[in-house]
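S.K.:
Residue numbers (UniProt numbering): 1 to 221.
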């Protein structure tokens with residue numbers, strides 16, 4: 001067996017790269033799948049929209065970086081984060097070599113009030129299919145996260161993160177339809193959800209509605 005010499009680190013051949021974390025936050029706002037973006041107000045990115053995120057600290061994990069930046073930029077905390085994708089094109093950032101690791105968060109926007117950040121930056125919800133021009137390769141990052149979200153919807157109960165604790169089956173079906181972009185048969189959807197045991201009845205009904213109150217459900221833990 002030939003001897004393989006261990007490769008040594010050469011800063012000329014293996015220059016250091018900055019590690020960045022970008023967070024794709026999905027929510028359903030006004031019956032549409034939307035992404036939370038931040039508008040920068042400093043050069044050379046004045047007025048540009050981008051994903052939330054920042055550079056990783058040497059003393060924290062990537063997930064800790066994502067949580068720190070998310071809280072610092074929005075005040076949002078205690079959300080589920082799922083690693084999505086790695087963007088490593090050497091020319092993705094003209095300033096220096098930056099490798100981006102993206103995370104996906106799925107939230108109920110009614111549970112979080114998007115703060116006003118003053119003159120330095122601005123936050124906004126944008127429709128997944130109606131995004132503004134974005135910095136770097138952030139459009140690709142969002143697309144990769146969306147594909148992952150659709151896949152997770154098929155084999156997990158991730159939809160509960162987009163709903164109130166108690167919901168109707170119609171509201172649950174709307175979440176699936178909005179994310180998948182497909183109209184679902186009402187009877188088949190309800191049968192599948194109940195047979196799988198994804199949700200359980202709360203023995204409660206809607207209140208203060210103009211129509212017949214629908215039964216409320218919650219996700220099975």
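Ideal placement from N, C-alpha and C gives every residue a C-beta, glycine not left out. Since this is a predicted model, take the numbers as computed values, not measurements.
#1: Tell me the DSSP secondary structure of residue 55 in three-state form.
#2: Whose CA, out of 180, 32, 104 and 200, lies closest to the CA of residue 21?
#3: Give a yes or no on whether the C-beta atoms belonging to residue 106 and residue 62 are separated by under 8 Å.
#4: Just the C-alpha distance for residue 206 and residue 164, rounded to the nearest angstrom, thanks.
#5: From the DSSP output, which residues share a beta bridge with residue 218?
#6: Under a three-way DSSP split, which group does residue 114 fall into?
#7: Using DSSP with H/G/I as helix, E/B as strand and the rest coil, what is residue 101?
#8: Mapping the DSSP letters down to three states, classify residue 136 as helix, strand or coil.
#9: Using the beta-carbon count (16 or more within 10 Å), is residue 72 buried or exposed?
#10: Which partner residues does residue 95 have in the DSSP bridge list?
#11: Does DSSP put residue 206 in a helix, a strand or coil?
#12: Determine the direct distance from the alpha carbon of residue 217 to that of residue 204, and round the result to whole angstroms.
#13: By the DSSP assignment, the alpha helix (DSSP H) with residue 180 in it spans what residues?
#14: Under 8 Å, with one C-beta from each stretch per pair, do the region 28-42 and the region 77-87 reach the 3-pair mark?
#15: Comparing alpha-carbon positions, which option in 125, 195, 56 and 122 lies nearest residue 99?
#16: Using 10 angstroms around the beta-carbon of residue 102, count the other beta-carbons present and answer buried if the total reaches 16, otherwise exposed.
#17: So the alpha helix (DSSP H) residue 77 belongs to, where does it begin and stop?
#18: Going by other Cβ atoms of all chains shown within 10 Å of its Cβ, with 16 needed for buried, is residue 75 buried or exposed?
M.R.: According to the structure shown:
#1: strand
#2: 104
#3: no
#4: 13 Å
#5: 200
#6: coil
#7: strand
#8: coil
#9: exposed
#10: The partner list for residue 95 (beta bridge, DSSP) is empty, contrary to what the question assumes.
#11: coil
#12: 8 Å
#13: 169-180
#14: no
#15: 56
#16: buried
#17: Careful: residue 77 lies outside any alpha helix (DSSP H) and carries neither H nor E.
#18: exposed
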